[in-house]
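Only one structure is covered here, and it is reproduced in the block below.
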Amino acid sequence: MLDSFVYLDHGATTPMLPEAIEAMTAQMATVGNASSLHTSGRLGRRVVEESRETIAQAMGARPSEVLFTSGGTESDNLAIKGTFWARRDADPRRVRILVSVVEHHAVMDCVDFLQAHEGAKVIWLEVDEVGRVHPETVRAAIENDPDTVALVSVMWANNEVGTVQPIAEIAAICREFAIPVHSDAVQAVGQVEVDFTGSGLDLLSISGHKIGGPQGVGALLARRDATLVPLTHGGGQERQVRSGSLDVPAIRGFAVAMRHAMANRVVGTQRLITLRDTLIRGAQDAGFGVQVTGDWQPGDGIGRLPGNAHLLVPGCDGDSLLYLLDAAGVQCSTGSACQAGVPQPSHVLLAMGMSEQKARGALRLTLGHTSTTADVDAFLAALPAAVERAQRAQVATSTTQTR
Amino acid sequence: MRVVAAMSGGVDSAVAAARLVEAGHEVVGVHLALSQNPATLRESARGCCTIEDASDARRVADMIGIPFYVWDMAARFRTDVVQDFIAEYAAGRTPNPCLRCNEKIKFAALLDKARALGFDAVGTGHYAQIVELPSGARELHRAVDMGKDQSYVLGVLNADQLARSFFPLGDTTKPRVRAEAAARGFFVAAKPDSHDICFIPDGDTRKWLTERLGEQPGDIVDVHGTTVGQHRGAYAFTVGQRRGLRLGQPAVGGEPRYVVEVQPGANTVVVAAGELLGVDVITGTHARWCGPAPEGVVSVGAQVRAHGEEIPATAWADGEQVEVHLQRPVRGVAPGQCVVLYDGTRVVGSATIARATANRAVASGSPAAG
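Residue numbers (my numbering), protein chains in the order written: chain H, 1 to 403; chain V, 1 to 370.
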């Protein structure tokens, strides 16, 4: 295949940092279950606790507030199901779950499940045309009947269009009513400032492989007073809430990546903002009427993730563009979830008021720590031919063409 | 050439894709998502396009080292194949959706999209052979494995489509294809063949149609117009059908009776004894030629259903219309089915059956054109 390729899908997963690989492989060469009482066990436990402290410090949390999980999806499920069950057990009136319409499937499908099987009532919080939840929307939904709210969940930053949500304001409203509030910050960590204690959140999901750590590890930050019903039962390794032997090498790699991401965040994000803006401007200037979605202000890294460029290309199917760019050595994403390999029209774009037709031409390019100007140039060089072909392909397969 | 290998997730298309790679083509595997709501797992030999099928296809693509994509053609499939299938039955005809899919999806929508994206051709696991003449023109021929031959469902392809198609399995028998798949390490080597209509997973076409067209009770009559029974929807009957008529009174003489005509306008099903089923004159419309159109009266072999018998015949083409005279009568020829014409093993072309009649006198109710 291609000897070299341009990787512009850091939102899916980002290459592991060499420091993380080194720390993790060294740990893999050692024995020790962190729950064992002997010397090897204690050595493993020490690595886990040092990692917990590193992550806590980086996230503005206490070490005891860090629960290691298998990743963002498990963290979201534990936060939402665990809180829902605990709150409903304490007061059976609490069945309403308030979530934004632009959440990741790890949250959306989780609340759908609770609605279908556990008597939950999901209240979907609408967004504006850039995909942002307004704090007043949250307040209005709570005030409708505060005593029946089990929890609120709004993501820190959207995985498709990169819009950053006003989490501190939303959390402050929830605190007024003493309602637990969760945020999925998987895409935000390492790109924007995420301070758990300062945010006022009760629960926060993070993942290892979006910041240069390994896949398969993440954490749920949970305030010490957060009550969670466990999803998995067993040894109760993590605060009696999450069971299963801890993946010591992965946790170590996660912590090393976290330390690195924090040390380099400010410089790194400035670099990403410049690359992102070059990419967006270049695509707009290519002459196909390419639009950028969400909240884009050149030079801004607060309202939109610094590494996120989400484009709409008129007259194209995103999956044709994806194929053509991949064949040209540029890897990116349509941004939306697949069903059996078929990209579905994005629920995020539809919630932002776009037509299904328009949403089909979505292309997500996400930059990260390995991204360079050469990557952006390669994408911009490959784009025109890809768009021309993809537009022809859409004409060829249009549903209006029958008989 | 740059070739899209259509990969269903089955053994045939897996081996076909591998052979295309070995023939030196630049191959990309494509699985067509044709169902709006794909099931998770394949159940028995029916159904298709499940998530399991897509992942089987993806795994084979990994093994032979080609890129793999799923293309969503569910909307086109619903319009051009499924809705057409319903409309044809509602009009009293008997469509062949596989043939329709080849004509409208695999060698039209898929091929058109592939060409727009820079590919030269589409390759599939169909059992049929393409013979290239010294002139460069291509002919479509039956597969060497007559038990698996699928040239009938490819009889709708025109010369341009044939020029951009590959059927790498036409020279091989099915057992050898399975053995080759096993030798290549494909775990789909023992996957069951698919049968029946892919979008009717339980195989009950009548029930499926009733769910979509509703119950439309009407009479079953004999060729004299005497009511002999009732039905719940004429659309669910096919010429030649014997089972499921539930006739109250036996025929004089007690011989079995068959559907000889479906009249959608009158919502009536006409039944008669078996000898009235035999037809030897077929009028076809919507003629498609795999090469040059035949001129004048030509001797051909005619096949009226997939895996049906080939009957010696003469045919005469007049623009879109074809008249076929069979040398001996054949039973159960339903309007809407396809007649495919052969010259030896070569596919000459095909037409959709509009009328099928007996040259000898037939009692009243000669099947009407749809």
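In this text, a Cβ means the ideal position worked out from N, Cα and C, and glycines have one as well. Computed from a prediction, not measured in an experiment: that's the story for all the values here.
Between the options, which lies nearest to residue i when the distance is taken from Cα to Cα?
| i | options | result |
| --- | --- | --- |
| H/A257 | H/R392, H/A382, H/E129, H/H209 | H/H209 |
| V/V271 | V/C290, V/L245, V/G265, V/P264 | V/L245 |
| V/F187 | V/S165, V/V82, V/G9 | V/G9 |
| H/L173 | H/H105, H/T274, H/P146, H/A106 | In the sequence on display, residue 173 of chain H carries Ile and not Leu. Answer by Cα proximity: H/P146. |
| H/A168 | H/G200, H/Q394, H/A382 | H/G200 |
| V/A17 | V/C98, V/A121, V/A116 | V/A121 |
| V/V221 | V/V304, V/R212, V/H231 | V/H231 |
| H/T69 | H/M262, H/G218, H/R304 | H/G218 |
| V/K104 | V/L157, V/G147, V/K148, V/L140 | V/L157 |
| H/G287 | H/I206, H/E103, H/A385 | H/A385 |
| H/P343 | H/L321, H/G119, H/G41 | H/L321 |
| V/V300 | V/G308, V/R288, V/P292, V/W316 | V/W316 |
| V/G278 | V/A356, V/S55, V/I197 | V/A356 |
Could you check where the beta strand (DSSP E) with residue i kicks off and where it finishes?
| i | result |
| --- | --- |
| V/V259 | 257-263 |
| H/K121 | 121-125 |
| V/W316 | 311-318 |
| V/C338 | 338-343 |
| V/Q321 | 321-330 |
| V/I220 | 218-222 |
| H/F68 | 66-69 |
| V/A302 | 297-303 |
Give me the Cβ distance between residue i and residue j, rounded to the nearest whole Å; I'm assuming they're in contact under 8 angstroms.
| i | j | result |
| --- | --- | --- |
| V/L169 | V/Y127 | 6 angstroms |
| H/N159 | H/G11 | 6 angstroms |
| H/R389 | V/L117 | 5 angstroms |
| V/F199 | V/V70 | Contact flag wrong, Cβ pair sits at about 17 angstroms. |
Does any residue of chain V bring its CB to less than 8 angstroms from the CB of residue i?
| i | result |
| --- | --- |
| H/D109 | no |
| H/L324 | yes |
| H/T39 | no |
| H/T370 | no |
| H/R392 | yes |
| H/A381 | no |
| H/D9 | no |
| H/S346 | no |
| H/D184 | no |
| H/S320 | yes |
| H/A396 | yes |
| H/R389 | yes |
| H/P314 | no |
| H/E19 | no |
Could you please give me the residues that DSSP links to residue i through a beta bridge?
| i | result |
| --- | --- |
| V/R355 | V/T283 |
| V/A272 | V/Y258 |
| H/H347 | H/H347 pairs with nothing; no bridge assigned. |
| H/N308 | H/T366 |
| H/H104 | None, per the DSSP bridge assignment. |
| V/V82 | Partner(s): none; V/V82 has no beta bridge. |
| V/A75 | None; V/A75 has no bridge partner. |
| H/A222 | H/L203 |
| V/A128 | V/R142 |
| H/H182 | H/S153, H/L203 |
| V/V4 | V/V28, V/V122 |
| H/Y7 | H/Q331 |
| V/G229 | V/I220 |
Could you pull the start and end residues of the alpha helix (DSSP H) that residue i belongs to?
| i | result |
| --- | --- |
| V/D112 | 110-116 |
| H/R45 | 39-59 |
| H/T83 | 72-90 |
| V/D12 | 11-22 |
| H/V266 | 265-284 |
| V/V188 | Per DSSP, V/V188 belongs to no alpha helix (DSSP H) and is neither H nor E. |
| H/V376 | 373-396 |
Under a CB-based cut-off of 8 angstroms, is residue i close to chain H?
| i | result |
| --- | --- |
| V/L157 | no |
| V/R46 | Because the pLDDT at V/R46 is just 48, under 50, the model does not fix this residue reliably, and the value given afterwards should be weighed accordingly. Judged by the 8 angstroms Cβ criterion, V/R46 is not in contact with chain H. |
| V/A6 | no |
| V/A33 | yes |
| V/P67 | yes |
| V/R138 | no |
| V/L117 | yes |
| V/K106 | no |
| V/A354 | no |
| V/M1 | no |
| V/D62 | no |
For residue i, is the beta carbon positioned less than 7 angstroms from some heavy atom of the ligand SAM?
| i | result |
| --- | --- |
| H/T69 | What this structure holds is no ligand at all, so the ligand SAM is not there to describe. |
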